[in-house]
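Each remark here refers to the structure printed beneath this line.
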Amino acid sequence: MSTILIRGAKVLGGEPRDVLVDGETVAAVGASLPADGAQVVEADGLILLPGLVDLHTHLREPGREDSETVLTGTRAAAAGGYTAVHAMANTFPVADTAGVVEQVWRLGRGYGYCDVQPVGAVTVGLEGRKLAELGAMADSAAQVRVFSDDGKCVDDAVIMRRALEYVKAFDGVVAQHAQEPRLTEGAQMNEGTVSGELGLTGWPAVAEESIIARDVLLAAHVGSRVHICHLSTAGSVEIVRWAKSKGWDVTAEVTPHHLLLTDELVRSYDPVYKVNPPLRTEADVLALREALADGTIDCVATDHAPHPHEDKDCEWAAAAMGMVGLETALSVVQHTMVDTGLLDWAGVADRMSARPAVIGRLAGHGRPIAEGEPANLVLLDPAYRGVVNPAGFASRSRNTPYEGRELPGRVMATFLRGHATVMDGKLT
1 MSTILIRGAK VLGGEPRDVL VDGETVAAVG ASLPADGAQV VEADGLILLP GLVDLHTHLR
61 EPGREDSETV LTGTRAAAAG GYTAVHAMAN TFPVADTAGV VEQVWRLGRG YGYCDVQPVG
121 AVTVGLEGRK LAELGAMADS AAQVRVFSDD GKCVDDAVIM RRALEYVKAF DGVVAQHAQE
181 PRLTEGAQMN EGTVSGELGL TGWPAVAEES IIARDVLLAA HVGSRVHICH LSTAGSVEIV
241 RWAKSKGWDV TAEVTPHHLL LTDELVRSYD PVYKVNPPLR TEADVLALRE ALADGTIDCV
301 ATDHAPHPHE DKDCEWAAAA MGMVGLETAL SVVQHTMVDT GLLDWAGVAD RMSARPAVIG
361 RLAGHGRPIA EGEPANLVLL DPAYRGVVNP AGFASRSRNT PYEGRELPGR VMATFLRGHA
421 TVMDGKLT
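Per full-length UniProt numbering, numbering of the sequence shown is gapless, rising by one per residue and ending at 428.
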C-alpha cells in the first residue's frame, strides 16, 4: 500500500491544506505535513473534493458492448472524477435477477477504476407488468438498494405502489423515470414554441409532472422512499418542493445537460441534442439551477447514455435518445453553478458526492475529507479552460452535446481508496 501526500490543495474550496493518504484511508489533514517518503502530489491552486458519485449511469454491459462496457465506462467515470457509479438496469439481458446484477458488480470490482453499484429493474424485463426479484437482488453480493425501470416509466400505479412497499424491507428506493406513456407517444422534443415551429411531435411537461405528483403521493401513503430521475421542468421542481415541505421521503436528481442546454438547440436538427427527457426551455433551466442550489433537487446525476456512431448519425426521428456525460459533468456544474455563484465547492461536494451516496446507501463514498475516512478523492483545476474534444474521451461512444464548446475545469487526479486512477490529468 502506498503513501501519498497531496500538498496545498484547497479542501472543498477552502484554505490550502495538506492531505496525507496512507493505503486506503486519509491519515491526516493539516498544514505543512511531513512527506516522510510519501509520493508528493503538488496541488497548489487545485480543489480537493470527495470522489464523485453518480446515481444514473448506463454502462450498457451486458448486451450493448458496441456502445460501452463496464471497463470503458468506469475509465470514463474515473476521468471525470467519479469513484462510484450506479449502473442502470436496461441492459440485454435486463438486470432483473441476482445473477445479472452480480455479473455487473463483479466486472466493476475486477477492473478497479471505479466502484460499480448495479441498479435493479423494478419489473421483469422492464415490461411494467410483474415485479422483478427485488429481494433476491437486495440480498445478492451486489446488495442492490436502488431499483429503476429507467428508459421506461413504471406507469401502473398498483405496480408502483407494490414496489414502494416491497423496498421498505431493506431500506431500498424506487427511482422513477417520470414519463406518462400515452402523453408522449411519438414525442421527439419538448412541447412548446420550438416544436410547433419545427413540426416535431412535442413532449409536454405535464407528462413528467403528472407521474411525479402521483408517485410522491404513493410514497407518502405507504411510507417509502421515491427518487425522481432526471427531473427537467419547473413544474416538477414545484411538486418536489411541495412534497419535501410535507416531510415526505422524496429525492430528485438533475442532469448536467438540463442545467445548461435548451430546446432552441433542436433547431439544428442535430441528433446529438435528442435526449430523454428532452431539452426544455430557458425558464426550466433557470428553475432547475435554483432548485439545485436551494436543495429542492438533491443531486446531479449524469444519465450517461452512450450510443454508437450509427445510432446518432442519422435523421432526427430515427436517432437514439441520450448523451454521454461522465467526462464533462464536473465542468458543466462548475460553469452553471459555481462560476455563476449559485453553489460553492462545498455545495458541489454535497450535490455530486455526499447526497447521491446517501440516496444510494453507498457506504464508503461521499464521506468527509478527514482523518480515518476512505481516500476516495478528486483533484480539480478550476482555472483550466478547454474546448471539448470527444476524440480524447475514455468512453467508447462520442455522442456529447458539448463538442467544440469551451468549458472550465479539469480533473487532474482521482483516487479510489488511495489508488490513483487518474494522475496529471491522464488515466493510470
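Built from N, CA and C at the ideal position, the CB exists for glycine as well.
Three-state secondary structure assigned by DSSP to residue i
i: MET137; result: helix
i: GLN39; result: strand
i: TYR82; result: strand
i: TYR111; result: helix
i: PHE147; result: strand
i: LEU292; result: helix
i: VAL272; result: helix
i: HIS335; result: helix
i: TRP105; result: helix
i: LEU33; result: coil
i: TRP316; result: helix
i: LEU362; result: coil
Status (buried if at least 16 other CB within 10 Å, exposed otherwise) for residue i
i: GLN39; result: exposed
i: GLU42; result: exposed
i: ALA44; result: It should be pointed out that residue 44 corresponds to Asp in this sequence rather than to Ala. When all chains shown are included, ASP44 counts as exposed.
i: HIS221; result: exposed
i: ILE63; result: As written in the sequence, residue 63 is Gly, which differs from the Ile given in the question. It is exposed - the Cβ of GLY63 has fewer than 16 other Cβ atoms within 10 Å.
i: ALA357; result: buried
i: PHE92; result: exposed
i: SER245; result: exposed
i: LEU5; result: buried
i: GLY202; result: buried
i: PRO374; result: buried
i: GLY386; result: exposed
Residues near residue i in its chain [Cβ-Cβ closer than 6 Å; skip 5 each side]
i: residue 449; result: Shown here, the chain extends from 1 to 428; a query on residue 449 therefore has no answer.
i: LEU59; result: GLU68, VAL70, GLY73 and ALA87
i: GLU133; result: THR97
i: SER224; result: LEU164 and LYS168
i: LEU12; result: TRP345, ALA346 and ALA349
i: GLU180; result: ALA207, SER210 and ILE211
Chain-order list of residues whose beta-carbon lies under 7 Å from that of residue i (same chain, five-residue window excluded)
i: PRO308; result: ASP66, SER67 and SER397
i: THR123; result: ARG129, LYS130, LEU131, ALA132, ASP149, VAL154 and ILE159
i: GLY125; result: VAL94 and ASP96
i: ARG162; result: LEU131
Paired residues, beta bridge with residue i - DSSP
i: CYS299; result: GLU253
i: GLU406; result: VAL387
i: VAL116; result: VAL85
i: PHE415; result: LEU377 and ALA420
i: LYS426; result: MET423
i: GLY10; result: First, the amino acid is wrong: residue 10 is Lys here, not Gly. LYS10 pairs with PRO16 and ILE47.
CB of residue i within 8 Å of CB of residue j, strictly
i: THR328; j: VAL388; result: yes
i: VAL94; j: MET137; result: no
i: GLY372; j: VAL21; result: no
i: VAL240; j: ILE212; result: yes
i: LEU55; j: ILE297; result: no
i: THR421; j: ALA78; result: yes
i: THR262; j: THR233; result: no
i: PRO306; j: VAL324; result: yes
i: ASP249; j: ALA219; result: yes
Own chain residues within Cβ distance below 8 Å of residue i, not counting five before or after
i: TYR384; result: PRO408, GLY409 and ARG410
i: SER353; result: LEU49, PRO50, GLY51, LEU52, VAL53, HIS365 and GLY366
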